[in-house]
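Asks:
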Amino acid sequence: MNNMDVIVLNHKNKVSLQVQHVDIGSSIDLHFPNENQSFDAFQKLREIGVRCFHAGKNAPCGASVMMYSYGNDSSLQLQIK
Numbered sequence: 040m041n042n043m044d045v046i047v048l049n050h051k052n053k054v055s056l057q058v059q060h061v062d063i064g065s066s067i068d069l070h071f072p073n074e075n076q077s078f079d080a081f082q083k084l085r086e087i088g089v090r091c092f093h094a095g096k097n098a099p100c101g102a103s104v105m106m107y108s109y110g111n112d113s114s115l116q117l118q119i120k
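The C-terminal residue of the sequence shown carries number 120 in the numbering used here, and the numbering is unbroken.
1) Rounding to the nearest angstrom, what Cα-Cα distance links Tyr107 and Leu117 in this structure?
2) Please state whether DSSP places Ala80 in a helix, a strand or coil.
3) Skipping 5 residues on each side, what residues in its chain have a beta carbon closer than 6 Å to that of Asn75?
4) What first and last residue would you give for the beta strand (DSSP E) that runs through His50?
5) Excluding the 5 residues flanking Asn73 on each side, which residues of the same chain have their C-beta closer than 6 Å to its C-beta?
6) Would you check if the distance between the CB atom of Asp68 and the CB atom of Met43 is smaller than 8 Å?
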């Protein structure tokens, strides 16, 4: 499976990540090949103020980070390449 480049923008802050795949539903789920990469991404996203939580390798969905926004908060943007 090829990795995807994802750019996450929150207000004027930006983080670039390489992910295995992205699922979009009630949250935006970024999936990674291992727990180290997913936890590193989680920390980077939290540093720029993104609301998210981390699921490790033993989670049903595997190593991933779930991002979400509340109500009218439209500051979170995602670019997938």
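Just so it is clear, CB atoms sit at the ideal spot from N, CA and C, and this is done for glycine as well.
Replies: So, to answer that:
1) Translated into positions along the sequence shown, residue 107 becomes position 68. Translated into positions along the sequence shown, residue 117 becomes position 78. Cα-Cα distance, rounded: 12 Å.
2) Locating residue 80 in the sequence shown gives position 41, where the first residue counts as 1. Looking at Ala80 - three-state DSSP - the assignment turns out to be helix.
3) Within the sequence shown, residue 75 is the residue found at index 36, counting from 1. Contacts found: none.
4) Your numbering for residue 50 matches position 11 in the sequence shown. No beta strand (DSSP E) holds His50; DSSP gives it neither H nor E.
5) Position 34 of the sequence shown, counted from the start, is the residue given in the question as residue 73. The residues are Ala102.
6) The count along the sequence shown starts at 1 and reaches residue 68 at position 29. The count along the sequence shown starts at 1 and reaches residue 43 at position 4. The answer is no: Cβ separation not under 8 Å.
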